[in-house]
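Residue numbers (my numbering): 846 to 1744.
Structure first, commentary second.
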Amino acid sequence: MPEREFDMPREAHASPPLITAVVPTYNVARYLPDFLGSITAQTNSLDSVEFLFVVDGSPDDSGEIIETWLAGRGLNARVIHQENHGLAGARNTGLREAAGTWVSFPDPDDAFDPGYFDEVIKFIELHDRAELTLVAAHLMKTDDDGVITDNHPSRKRFEKGSRVVNMNLDPVTQFGVNHAFMRTALLREHDLTFDSRIRPTFEDAHTVGRYLLRSRTHHIGLMASAKYLYRIRSDNSSLVQGGYDKPEKYTNVLRYGELDLLKEAAAIGPVPRWVENTVLYDLVWYYRNEQSARSATAGAPKDVLGEFHELAEQILQYISPDAIRAFSSIWVPFSVRQALLYGYRNDPRRPDSVQLATVDERHQLVQFVYWFTGELPVEHWIVDEVTVSPVYETVEDVTFYGRVLARRRVVWLTRGQLMTATLDGRTASFSRGGETALPQSLTKPMLDPHIIAQRKRDADRWNLTSGRLELVKAEARGLRDRYLSKRERRVRPVIWRARSKSARARFQDAWVFMDRDTDANDNAEHQYRWMQKHHPEVNSWFVLSRTSHDWARLEAEGFRLIDYRSKDWHSLMLHASHLASSHIDNYVVHPLARGDFGRERFAFTFLQHGVIHNDLSRWLNEKDVDVLVTSTPQEKEAIAGVGPYKFSDREVVLTGLPRHDDLLRRRAAVPASERDLIVVMPTWRQSLVGRVVKGSNERLKHPDFQTSDYARAFRELLSSPELHEIAAARGKRIAFMPHPNMKPYLDDFGVPSSVEVLSFATDNVQDVLARACAFVTDYTSVAFDAALLNIPITYFQFDRKDFFNGLHVGRPGYFDHRHDGFGPVVERASEVVSSLAAQASNAWTPDSVYLERERAAFVAADGQNRRRVFEAMLSIEGAPRTQEPSMSEQSAETTVLPR
């Protein structure tokens, strides 16, 4: 398509404009009303502003919308239509045509604050001098609902208000050109254009960096009052949000962007700190996102990762270690800083110190931590003149894009009077917290302050063991020194109730069990029920919302229930000595605000929601766990052994899930002739989650659900005539138990009337599995429950290549469905039917290869899981550790429940 223009000339524009706003436009019709409306709303007359809309071969009607809007407005504006040349090509076209002294490149899916151009023009006119070659507006975020937040990482630059910054003294960074203004003449003088090879990100920073280097200027203006509203798209479709699945993100951006900018700076002289910071800002995001529980980096193309690491190594040769240590534009995890400092060096890092991390006073153990690369150093630990081996130990491997770049060693030693350590023959010094340069031995005088500080953190901050009279006396003494703050007015009533005689009598040293706040029927419920029967001497309570559909059932059974978030709940959590839950979300493990009530004093046992088979380390490593329950030897080794997790066999214990005891019992109670359900139980896809309804927890239906591969695949399976023939011929029923998120779509899904639709809200999963003769799923961990019962399984993984795209918490882990799974892995509905037919012919019994895998995995199938969990929880207080089951014991065991 040849270039054509839509011109809106005006005589008043005979003199050159002060500013040209180049607006590259492609497929943004849905956002244009907001963008154009923000121009209309400007408080400035816009007489000194030129708008150039470059419609870059847009497939929608963006151009027509703009032209219609411009008609009759009298703005100095042009619409340029051209064939698609990409973002860089559209900007370069606008730059060639720009008539303004200053040029900016706003994006048409963003918007301007009403006073935007007023503030920009005032700032330029006030500070117009030769050394000022770039001014930047205050970048703020907005979403599709128009909610504005000031939480962009660059906001710290504006804490001192509007100002001109000498970047050599204050090495701030400037990345975007959408909210920046550069001198048009300087861009042309130095032949600067946007490099189309640098995409999907860093194109702006590359252009800005070269502009400042070539113009030999290092002063930029920061306009705190000029607010540019940067849109965060709810569909994650913008270039910045959606780039981590593209190969060029890992190659071209680094080669033509970051590395090229560093080389140009190095050719002039020492690389300025602001250039180092510019590159680090972009580079750190690669590594920081890779450490996130949910991140699109999980979908990074594997075939370019080797090239990525080669380029990263070259880039880091231009960046000083001091720049990496000092970089603070965004938060940098310690593991990322370690990776950038040492991960690409040829020689392995050998630490010269170990850090005292924590002291376990109950078991008289001390934890030490140090970071290294390469092979584990040769360690020599001496406690009170005796060479010792670690009581517990692990190595956490921190992996970035398939390569281990940092390793964290964790060692637990018996506490002594004098402790020394050597690593690879060199005596190591000890550090405490951020301290260094400590002696090369750890003595009691050094250890005691650490213990005292730890005791203060874990202390009974509110002296809940004392009565109210002592509280009144203490507060009366404090009134003369302080007035009651909002926080105190919020906290004091809670503490007052918790210190009452009745609260102390009810909740002192309580063991608290909880699944979700809204649901029970998981491992915590099963463990509590067993505790209530076998250990009534323990002060056990079960937490649940009174509005839960499980409340009446558990109340009728005699559970000691506490309503979640009630006044009694606050008192209970303050007095609790143990918390055990099948979930580990923050609202569970941090029930009371630490800013108000301090650190939690209870020990936490993670009962788990299911068997961990994906890599959840990026999520779980952020949690503090005293006991982590596992179900199979393979699962325990993956979490406690050398690998991505921070935990050792001190925390990780093989007990089996509490609910599995009852599951085995229920299965044994159903005769084989009554096991008549072919269960289809898919998990969910985060890509199909609809938008949140503003002001509520409800979500809209995803518009593409019915046409998604997910809906198509399971609709095809459930509608298969061959599947229904198998069921009819064998006297079986087909049961579909969809994920709760699928409930809004069921009416339109077209489930055949002959298929029974079950619900997690009303149908007990254990009863469903007890009656199952076959189990079809994709990735759900409930397959482990089915495998425990020797139910034949088929994994229907039609989207195997796309599932681990970063939208879900997990990534591929130790468990490979094809090599470790308990049934065949198929990709088509017809193959699922063929698998079921084979299982039916084999009397609904798994093949021998899968039975052997199940036997090796489920060594805890004796109905004693809850006892082992109880013993593991007791061990936190100093009791002996529970005896873990093993495969050899299972082979000799005569009490394994029938399956």
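Note that beta-carbon positions come from the ideal geometry of N, C-alpha and C, so glycine has one too.
Exposure label - residue i; buried when at least 16 CB within 10 Å
i, result
"Arg1504", "buried"
"Glu1402", "exposed"
"Val992", "exposed"
"Ile1721", "buried"
"Asn921", "buried"
"Leu1568", "buried"
"Leu1084", "Model confidence at Leu1084 stands at a pLDDT of 40, short of 50, so the residue's coordinates are unreliable and nothing is read from them."
"Ile1751", "Because the chain here runs from 846 to 1744, residue 1751 falls outside it and cannot be looked at."
"Tyr1101", "buried"
"Ser1686", "exposed"
"Gly1066", "buried"
"Ala1617", "buried"
"Arg1391", "exposed"
"Ile1297", "exposed"
"Glu928", "exposed"
"Leu1502", "buried"
"Arg1028", "buried"
"Arg1334", "exposed"
Where residue i falls: helix, strand or coil (DSSP)
i, result
"Tyr1215", "strand"
"Lys1005", "coil"
"Asn1431", "helix"
"Thr1029", "helix"
"Phe1404", "coil"
"Gly1066", "strand"
"Asp1167", "helix"
"Glu1206", "coil"
"Thr865", "strand"
"Ala1421", "coil"
"Arg1325", "Its pLDDT being 48, under 50, Arg1325 is placed unreliably by the model, and nothing is read from it."
"Phe886", "In the sequence as displayed, the identity of residue 886 is Ala instead of Phe. Three-state DSSP puts Ala886 in coil, outside helix and strand."
"Ile1175", "coil"
"Tyr1659", "coil"
"Met1012", "coil"
"Arg1248", "strand"
"Val1233", "strand"
"Tyr1056", "helix"
"Leu1221", "coil"
"Ser860", "coil"
Residue from the options whose Cα sits closest to the Cα of residue i
i, options, result
"Asp1647", "Gly917, Thr1142 and Leu920", "Thr1142"
"Pro1338", "Leu1258, Ala1514 and Leu1419", "Leu1419"
"Leu1614", "Ile1175, Arg1520, Pro1548 and Phe1660", "Arg1520"
"Ile1175", "Arg1510, Thr1123, Phe1492 and Ile884", "Thr1123"
"Asn1023", "Val868, Arg1344 and Leu1128", "Val868"
"Asp1623", "Val1677, Asp1303, Asp901 and His1423", "Val1677"
"Gly884", "Gly902, Arg918 and Val873", "Before going on, a small fix: residue 884 reads as Ile here, not Gly. The candidate whose alpha carbon is nearest that of Ile884 is Arg918."
"Val1177", "Ala935, Asp1549, Gln1212 and Tyr1132", "Tyr1132"
"Leu1719", "Phe1447, Thr1552, His1547 and Asn1459", "Phe1447"
"Asn1368", "Tyr1056, Arg1277 and Thr1500", "Thr1500"
"Met985", "Ile969, His1051, Thr1052 and Lys1072", "Lys1072"
"Asp1644", "Phe1660, Leu1473 and Thr1528", "Thr1528"
"Leu1533", "Gln1551, Pro1516 and Ile1523", "Gln1551"
"Ala1157", "Leu1128, Tyr1659 and Ala1111", "Leu1128"
Any chain C beta carbon closer than 7 Å to residue i
i, result
"Thr1267", "Of the chains in the structure shown, none is chain C; there is only one protein chain."
Identity of the residues DSSP links to residue i by a beta bridge
i, result
"Phe1451", "Ser1426 and Leu1473"
"Thr1239", "Val1255"
"Ser1385", "Trp1356"
"Tyr1075", "Lys986"
"Asp1049", "According to DSSP, which records beta bridges pairwise, Asp1049 is partnered with nothing at all."
"Phe1629", "None; Phe1629 has no bridge partner."
"Ala916", "Answer is none; Ala916 lacks a bridge partner."
8 Å contact criterion, which residue i and residue j should meet: CB distance rounded
i, j, result
"Leu877", "Ile925", "That belief does not hold up - the Cβ atoms of Leu877 and Ile925 are roughly 16 Å apart, past 8 Å."
"Val1228", "His1295", "So it is not a contact: roughly 16 Å between Cβ atoms."
"Asp1506", "Arg1726", "Their Cβ separation, rounded to whole angstroms, is 20 Å, which puts Asp1506 and Arg1726 out of contact at 8 Å."
"Asp1197", "Ala1273", "6 Å"
"Asp1441", "Arg1374", "Asp1441 to Arg1374, Cβ: 33 Å. No contact."
"Leu1268", "Pro1235", "Going by Cβ atoms, the distance from Leu1268 to Pro1235 rounds to 13 Å, so no, they are not a contact pair."
"Val894", "Thr870", "In fact, because the Cβ distance is near 17 Å, the residues do not count as touching under 8 Å."
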